[in-house]
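These notes are about the structure you will find just below.
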Amino acid sequence: MMIITVSEKGQLVIPAQLRRSLGISAGTRLDIIPEANGFKVLVDHARKTKRAADCIGITAYNGTPISIDEMSVAQYAVK
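Start counting the sequence shown at 933; every next residue gets the next number (our numbering).
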């Protein structure tokens, strides 16, 4: 068990070793879930993205490359 301290500003101070082992870095969001005897903290890695550029390549397209014109909704409506 590790102790987490609350700062004067109300921020949770998580020991570096625990941050590294859980993959927590600046900007990582934590979900706090109240429970009968306290609370549970879950690392929300899904929300860590800060910039649109961070999303490039997260989905794969394995088909034949298509042009911008072929992607246009209007182009498909005409065909």
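Where a beta carbon is used, it is the ideal one built from N, C-alpha and C, also for glycine.
Nothing here was measured: the structure is a model prediction, and the numbers come from that model.
{"Asked": "Cα-Cα separation, L962 to A992", "Found": "28 angstroms"}
{"Asked": "Residues bridged to R961 (per DSSP)", "Found": "D976"}
{"Asked": "C-alpha distance - V975 paired with L950, whole-angstrom precision", "Found": "12 angstroms"}
{"Asked": "For L944, the residue or residues it bridges with in DSSP", "Found": "V938"}
{"Asked": "For M1003, the first and last residue of its enclosing alpha helix (DSSP H)", "Found": "1000 to 1003"}
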